[in-house]
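To start, the structure itself, in structure tokens.
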Amino acid sequence: MATDVHRPVDTPSAVRVEGLTRSFDGRPVIDELRLDLRQGEFVALIGRSGCGKSTLLRILAGLDRDIEGTVLVPRRKAVAFQAPRLMPWKKVWRNVLLGLPGKPERAVAEQALTEVGLSSRSDAWPKTLSGGEAQRASLARALVREPDLLLLDEPFGALDALTRIKAQRLVGELWQRRGCAVLLVTHDVEEAVLLADRVLVMDDGVIAHEQEIGLDRPRDITDPRFAELRAGLLERLGVDTAAATAA
Amino acid sequence: MSISHAPPDSHKADISPKSSSAASPPKLDLEPIVPTSSRRTRVPRWLRRTSGPLLLLALWQVLSSTGVLTADVLASPGRIAEVARELVADGSLTSAMGTSLQRVAAGLLLGSLVGTGLALVSGLFRVGEDLVDAPVQMLRTVPFVGLIPLFIIWFGIGEAPKVAIITLGVTFPLYLNVYAGIRGVDAQLIEAGESLGLSRWGLVRHVVLPGALPGAMTGLRYSLGISWLALVFAEQVNADSGIGFLMVQARDFLRTDVIVVCLIVYAFLGLLADFVVRTLERLLLQWRPTFTGR
Chain A
1 MATDVHRPVD TPSAVRVEGL TRSFDGRPVI DELRLDLRQG EFVALIGRSG
51 CGKSTLLRIL AGLDRDIEGT VLVPRRKAVA FQAPRLMPWK KVWRNVLLGL
101 PGKPERAVAE QALTEVGLSS RSDAWPKTLS GGEAQRASLA RALVREPDLL
151 LLDEPFGALD ALTRIKAQRL VGELWQRRGC AVLLVTHDVE EAVLLADRVL
201 VMDDGVIAHE QEIGLDRPRD ITDPRFAELR AGLLERLGVD TAAATAA
Chain B
1001 MSISHAPPDS HKADISPKSS SAASPPKLDL EPIVPTSSRR TRVPRWLRRT
1051 SGPLLLLALW QVLSSTGVLT ADVLASPGRI AEVARELVAD GSLTSAMGTS
1101 LQRVAAGLLL GSLVGTGLAL VSGLFRVGED LVDAPVQMLR TVPFVGLIPL
1151 FIIWFGIGEA PKVAIITLGV TFPLYLNVYA GIRGVDAQLI EAGESLGLSR
1201 WGLVRHVVLP GALPGAMTGL RYSLGISWLA LVFAEQVNAD SGIGFLMVQA
1251 RDFLRTDVIV VCLIVYAFLG LLADFVVRTL ERLLLQWRPT FTGR
């Protein structure tokens, strides 16, 4: 099986989390959580809304430091949020370069924008971009940092169905080219099975279930094994699979 | 079975009268959607913009020449133009304007420095907010015009009290709007900036200050308006030069024509200030798509 290739002993970790606890007003949202990501691994994190998956991503991004436990992440990491969060007062290419050390040249931004297929809009104001374009600009901004860990917080959530399919394909291609570890937080089980090497189900503040996805890439959603994995994960999330398949 | 058949039956009954009427459907009144370009009038924008004031001027002239408005109430536009020419010729208007402009410029500069400075301190730092915000909120409710007597005692009757009054008037609206602008910056953008590795100063420079700029522009607009107001007050008390002084003098000689000339000068200076802010907004806020009216 393809899973044998990715044993932890072979590849060093990109993320190590142990005994992580994060409470809001005394109520633990993440409770003694353990998580390991191998280098170059694509991991999807799914779970019901409010289960703490976005909180976990924010902790890994270093945006939430009100925590207990051990969290080890690479120095070079980048986040793409659900909303593109581009600075509206900076042109697209300046947004891409924002926060890079030194005085990077515009060509650096252009290269990243070309990679996501947005080179024609590099001189545009962010507010004139369409939803898909803005999300791609946000991806370019993450990629230009050459991250060892890419954190994606429901990046396709606000896109329409057609744009989403294109964006998912783009992320898959970028990951294969860059070879960085990716943690994708999503509530879309199909998206998780389509893109990830491993799907984690989060519940009650811990990783409640783990599913290796051994399917060959590019994956076919009409493959019966795909449907089986999807149904299994949906069951884990408490969705009645009989009803789900009937629908 | 019989139940599942029931709806189609009733449907049939529904459709049959309709299908008979469908043979000759009622004619719909279709109306064309006119493209905006053909609906626009051919009058150029600047002409449309100036036609309002010109119409007002014409009405004024008509009322004056028919004798409805007598000269001792309000002089006619023709008479006022003549007086304006005289005042410019003997140099009294231009020198008065120079003095007034200088006072406003000094007051605006000082006021914007103090206002934005305080707003930055209390907007960016929590300690600054605790120290600065309460006193400023307290002081701003004091009508600044009421401070003129105190300022005259403190600063004498030279330029200082006049500039001080303008400074005071300018400071508060700028403070309030810049402060609100800073605190109103989208927290999501701040977080995005943090995730990109911006330093504290980088966040201020690239995220907070540009985000506060629309608020600052609103504040500047208010401040400019108030600066002229403060100038009129300051110059009508104990002044020996400036447009306000010219007006007080004209009042003593019952010269309504000179007073109106001075008022028009104020109006034009206000228009000029508005033009400056508009230009600044166009340059600095071009990233913001706004509703421009139809």
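Sequence lines, in order, name chains A and B.
Be aware that the first sequence starts at 1, since it is given in the working numbering, and climbs by one per residue.
Be aware that the second sequence starts at 1001, since it is given in the working numbering, and climbs by one per residue.
Just so it is clear, CB atoms sit at the ideal spot from N, CA and C, and this is done for glycine as well.
Candidates the options: closest to residue i by CA position
{"i": "Val1132 (chain B)", "options": "B:Trp1046, B:Phe1172, B:Phe1253", "result": "B:Phe1172"}
{"i": "Val1135 (chain B)", "options": "B:Ala1119, B:Gly1146, B:Ile1080, B:Leu1147", "result": "Reading off the sequence, residue 1135 (chain B) comes out as Pro, not Val. When only C-alpha atoms are compared, the closest one is B:Ala1119."}
{"i": "Glu191 (chain A)", "options": "A:Arg219, A:Gly179, A:Ile207", "result": "A:Arg219"}
{"i": "Glu950 (chain B)", "options": "B:Ala1096, B:Leu1074, B:Gly1091, B:Gly1115", "result": "A question about residue 950 (chain B) goes unanswered here, because the residues of chain B that appear run from 1001 up to 1294."}
{"i": "Asp197 (chain A)", "options": "A:Leu20, A:Phe42, A:Arg16", "result": "A:Phe42"}
{"i": "Gln168 (chain A)", "options": "A:Leu152, A:Gly179, A:Ala181, A:Cys180", "result": "A:Leu152"}
{"i": "Thr114 (chain A)", "options": "A:Leu100, A:Lys103, A:Val96", "result": "A:Val96"}
{"i": "Leu234 (chain A)", "options": "A:Val206, A:Arg94, A:Arg121, A:Asp188", "result": "A:Asp188"}
{"i": "Ala1106 (chain B)", "options": "B:Leu1224, B:Gly1270, B:Cys1262", "result": "B:Leu1224"}
{"i": "Pro1077 (chain B)", "options": "B:Val1062, B:Trp1046, B:Gly1244, B:Phe1268", "result": "B:Val1062"}
{"i": "Ala80 (chain A)", "options": "A:Leu98, A:Arg141, A:Lys166, A:Ser23", "result": "A:Arg141"}
{"i": "Gly1270 (chain B)", "options": "B:Glu1086, B:Arg1288, B:Ile1226, B:Ala1089", "result": "B:Ile1226"}
{"i": "Leu265 (chain A)", "options": "A:Gly132, A:Ile59, A:Glu110, A:Leu118", "result": "No answer is possible for residue 265 (chain A): the residues shown for chain A start at 1 and end at 247."}
{"i": "Leu139 (chain A)", "options": "A:Ser54, A:Val92, A:Gly19, A:Ser13", "result": "A:Val92"}
{"i": "Val17 (chain A)", "options": "A:Glu228, A:Glu68, A:Val185", "result": "A:Glu68"}
{"i": "Leu56 (chain A)", "options": "A:Leu183, A:Thr11, A:Gly179, A:Leu86", "result": "A:Leu183"}
{"i": "Val1208 (chain B)", "options": "B:Pro1044, B:Val1258, B:Asp1186", "result": "B:Asp1186"}
{"i": "Ala112 (chain A)", "options": "A:Leu129, A:Pro147, A:Trp125", "result": "A:Pro147"}
Unbroken beta strand (DSSP E) run spanning residue i, endpoints
{"i": "Ser23 (chain A)", "result": "13-24"}
{"i": "Val1208 (chain B)", "result": "Taken as a continuous stretch (DSSP letters only), Val1208 (chain B) belongs to no beta strand (DSSP E), as it is neither H nor E."}
{"i": "Gln211 (chain A)", "result": "206-212"}
{"i": "Lys77 (chain A)", "result": "77-80"}
{"i": "Ala318 (chain A)", "result": "Shown here, chain A extends from 1 to 247; a query on residue 318 (chain A) therefore has no answer."}
Chain B residues whose Cβ lies nearer than 7 Å to that of residue i
{"i": "Arg321 (chain A)", "result": "Shown here, chain A extends from 1 to 247; a query on residue 321 (chain A) therefore has no answer."}
8 Å Cβ cut-off: residues of chain B touching residue i
{"i": "Pro74 (chain A)", "result": "What Pro74 (chain A) touches in chain B: nothing, since even the nearest Cβ is about 13 Å away."}
{"i": "Pro88 (chain A)", "result": "Trp1287, Arg1288"}
{"i": "Lys127 (chain A)", "result": "Trp1287, Arg1288, Pro1289"}
{"i": "Leu63 (chain A)", "result": "Glu1191, Glu1194, Ser1195"}
{"i": "Leu98 (chain A)", "result": "Gly1193, Leu1196, Leu1198, His1206"}
Proximal residues of chain B, C-beta to C-beta of residue i below 9 Å
{"i": "Phe81 (chain A)", "result": "Gln1188, Glu1191, Ala1192, Ser1195"}
Beta-bridge pairing of residue i - partner residues as DSSP gives them
{"i": "Thr70 (chain A)", "result": "A:Glu18"}
{"i": "Met1138 (chain B)", "result": "DSSP lists no partner for Met1138 (chain B)."}
{"i": "Val1217 (chain B)", "result": "One detail in the question is off: residue 1217 (chain B) reads as Met in this sequence, not Val. Paired residues: none, contrary to the question."}
{"i": "Met202 (chain A)", "result": "A:Gly47, A:Ile207"}
{"i": "Asp153 (chain A)", "result": "A:Val185"}
First and last residue of the uninterrupted alpha helix (DSSP H) at residue i
{"i": "Pro1053 (chain B)", "result": "1045-1065"}
{"i": "Ile46 (chain A)", "result": "No alpha helix (DSSP H) contains Ile46 (chain A), which is instead part of the beta strand (DSSP E) from 42-47."}
{"i": "Leu35 (chain A)", "result": "That residue, Leu35 (chain A), is in no alpha helix (DSSP H); its beta strand (DSSP E) goes 27-38."}
{"i": "Lys1162 (chain B)", "result": "1159-1183"}
{"i": "Thr55 (chain A)", "result": "53-60"}
{"i": "Ser1195 (chain B)", "result": "1187-1195"}
{"i": "Ile1153 (chain B)", "result": "1148-1155"}
{"i": "Trp1201 (chain B)", "result": "1200-1203"}
{"i": "Ile1243 (chain B)", "result": "1243-1252"}
{"i": "Ala227 (chain A)", "result": "224-236"}
{"i": "Ile1259 (chain B)", "result": "1256-1284"}
Proximal chain A residues relative to residue i, where beta-carbon distance stays under 8 Å
{"i": "Gly1202 (chain B)", "result": "Gly99"}
{"i": "Pro1210 (chain B)", "result": "Met87, Trp89, Lys90"}
Please list the segments of the alpha helix (DSSP H) lying wholly inside the segment 1081-1122 of chain B, counting only runs of 4 or more residues, in order along the chain. none
Alpha helix (DSSP H) runs wholly inside the segment 88-166 of chain A, at least 4 long, in chain order: Within the segment 88-166 of chain A, the complete alpha helix (DSSP H) segments of 4 residues or longer fall at 92-97, 106-115, 131-143, listed in chain order.
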